[in-house]
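Asks:
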DNA sequence: GTCTATATGTAGACTCTCTATGTATTGAGG
DNA sequence: CCTCAATACATAGAGAGTCTACATATAGAC
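Protein chains in written order, with full-length UniProt numbering: chain W, 1 to 107; chain U, 1 to 107.
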């Protein structure tokens, strides 16, 4: 999965993956890999800054915790983030429809 | 349609739109708008440099022409570009599958 | 004569993602 | 004990593509 291909869709992915339950950065990376069947292997240098950005935007709420002697920052989806996620899902649909209609080889 | 959302998919769009018949930049912009039902309105500052880039890459072959007193640079899909387009289409499928599986609200 | 549509192009800003690097703890294997 | 892999977070700097804004020019309509 190319770098630029993913661009602009990272927010939706991150918000979506913490929808059910709060997760910390490392777990988010694993969740993305698993859910995508291995297609998405996002480096830490992408995820951690992105999580901070989404926290600053008010879509995620981060909290420090300790598990097994290791410090973790766990991110929870806020109400505002839930609304943003809905918007991202809707935008994703429009996006795939638009690109798909151009890419369709039968026209 | 957000700027970053489109990123990395412009090549596929441009190659796809000149697949059937060669087109010049301005016509390509119109074709993208029409085919996408108005969703894609790509500015000239994006398209013209991108066409040059694809020409440098060998995917498009550009040629100057004059129509109605106006100069046009018409781009034709090369064999190499045709192959690239096939790759882009395949990548698009994988991409939508991967993102879709993460975004799916039912999991 | 002015305005719109047609047609191409560049400069510079913007911002996200990546690579590379750094730190630190835990637990397994030898 | 020591080393290595896995876990966990983070930043600096590079890179690249898309955008805004601007510049130029012709044709045709009004």
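Cβ atoms here follow ideal geometry from the backbone N, Cα and C, with glycine treated the same way.
Could you tell me which chain U residues have their CB closer than 8 Å to the CB of residue 41 of chain W, listed as they occur along the chain?
Replies: Here residue 41 of chain W refers to the residue found at position 41 of the first chain. Within 8 Å Cβ-Cβ: nothing; residue 41 of chain W doesn't reach chain U, min ~11 Å.
Asks: With DSSP run on the structure shown, which of helix, strand or coil describes residue 102 of chain W?
Replies: Position 102 of the first chain, counted from the start, is the residue given in the question as residue 102 of chain W. Helix at residue 102 of chain W.
Asks: Report the neighbours of residue 27 of chain U on chain W: residues whose CB is nearer than 9 Å to its CB, in chain order.
Replies: Numbered from 1 along the second chain, position 27 holds the residue referred to as residue 27 of chain U. In chain order: nothing, as chain W lies at least about 14 Å away.
Asks: Classify residue 50 of chain W as helix, strand or coil using the three-state DSSP reduction.
Replies: Within the first chain, residue 50 of chain W is the residue found at index 50, counting from 1. Three-state DSSP puts residue 50 of chain W in a helix.
Asks: Report the CB separation of residue 60 of chain U from residue 78 of chain U in whole angstroms; it is logged as a contact under 8 Å.
Replies: On the second chain, position 60 is the one that residue 60 of chain U refers to. On the second chain, position 78 is the one that residue 78 of chain U refers to. Sure, about 7 Å apart at Cβ, within 8 Å.
Asks: Would you tell me roughly how many angstroms separate the C-alpha atoms of residue 69 of chain U and residue 37 of chain U, rounded to the nearest one?
Replies: The sequence position of residue 69 of chain U within the second chain is 69, counting from 1. The sequence position of residue 37 of chain U within the second chain is 37, counting from 1. Answer to the nearest angstrom: the Cα atoms are 30 Å apart.
Asks: Mind checking who residue 64 of chain W pairs with in its DSSP beta bridge?
Replies: On the first chain, position 64 is the one that residue 64 of chain W refers to. The partner list for residue 64 of chain W (beta bridge, DSSP) reads W:73.
Asks: Output, in chain order, the set of chain W residues within a Cβ distance shorter than 7 Å of residue 16 of chain U.
Replies: Counting from 1 along the second chain, the entry for residue 16 of chain U is found at position 16. Simply 102 and 103.
Asks: What does residue 106 of chain U reach in chain W if we use C-beta pairs closer than 9 Å?
Replies: Position 106 of the second chain holds residue 106 of chain U. What residue 106 of chain U touches in chain W: nothing, since even the nearest Cβ is about 11 Å away.
Asks: Measuring only between beta-carbons, confirm whether residue 54 of chain W sits less than 9 Å from chain U.
Replies: Position 54 of the first chain, counted from the first residue, corresponds to residue 54 of chain W. No, residue 54 of chain W does not count as interfacial toward chain U.
Asks: Is it buried or exposed for residue 16 of chain W, if we count other Cβ within 10 angstroms and need 16 for buried?
Replies: In the first chain, residue 16 of chain W corresponds to position 16, counting from 1. With 16 or more other Cβ atoms from the protein chains shown falling within 10 Å of its own Cβ, residue 16 of chain W counts as buried.
Asks: For residue 94 of chain U and chain W, any beta-carbon pair shorter than 9 Å?
Replies: For the purposes of this step, residue 94 of chain U is identified with residue 94 of the second chain, where counting begins at 1. Output row for residue 94 of chain U: interface = yes.
Asks: For a quick check, are the C-beta atoms of residue 47 of chain U and residue 33 of chain U less than 9 Å apart?
Replies: As a first step, residue 47 of chain U is located in the second chain; it is residue number 47 there, counting from the start. As a first step, residue 33 of chain U is located in the second chain; it is residue number 33 there, counting from the start. No.
Asks: Based on the DSSP output, what are the partners of residue 23 of chain W in its beta bridges?
Replies: Counting from one through the first chain, the residue named residue 23 of chain W turns up at place 23. Answer is W:75, bridged to residue 23 of chain W.
Asks: Going by C-alpha distance, which of U:95, U:106, U:104 and U:105 is nearest residue 40 of chain W?
Replies: Residue 40 of chain W sits at position 40 when you count from the first residue of the first chain. Out of U:95, U:106, U:104 and U:105, U:95 has the C-alpha closest to the C-alpha of residue 40 of chain W.
Asks: With 16 other CB atoms within 10 Å as the buried threshold, where does residue 66 of chain U fall?
Replies: Taking the first residue of the second chain as position 1, residue 66 of chain U is located at position 66. Exposed is the call here.
Asks: Use the C-beta contact count for residue 56 of chain U: other C-beta atoms within 10 angstroms, 16 or more gives buried, fewer gives exposed.
Replies: The residue you call residue 56 of chain U lines up with position 56 of the second chain. It counts as exposed.
Asks: Closer than 8 Å by beta-carbon distance: list the chain U residues that pair up with residue 4 of chain W, in chain order.
Replies: Indexing the first chain from 1 puts residue 4 of chain W at position 4. Ordered by position in chain U, the residues that pass the 8 Å Cβ test against residue 4 of chain W are 7 and 8.
Asks: For a contact meaning CB atoms closer than 9 Å, what does residue 37 of chain U contact in chain W?
Replies: In the second chain, residue 37 of chain U corresponds to position 37, counting from 1. What residue 37 of chain U touches in chain W, judged by beta-carbon distance under 9 Å, is 97, 98 and 101, going in chain order.
Asks: Do you know how far the Cα of residue 80 of chain W is from the Cα of residue 23 of chain W?
Replies: Numbered from 1 along the first chain, position 23 holds the residue referred to as residue 23 of chain W. Numbered from 1 along the first chain, position 80 holds the residue referred to as residue 80 of chain W. In this structure, the straight-line span from the alpha carbon of residue 23 of chain W to that of residue 80 of chain W is close to 17 Å.
Asks: At the level of alpha carbons, what is the spacing between residue 6 of chain W and residue 72 of chain U?
Replies: Residue 6 of chain W sits at position 6 when you count from the first residue of the first chain. Residue 72 of chain U sits at position 72 when you count from the first residue of the second chain. Distance between the alpha carbons of residue 6 of chain W and residue 72 of chain U is about 33 Å.
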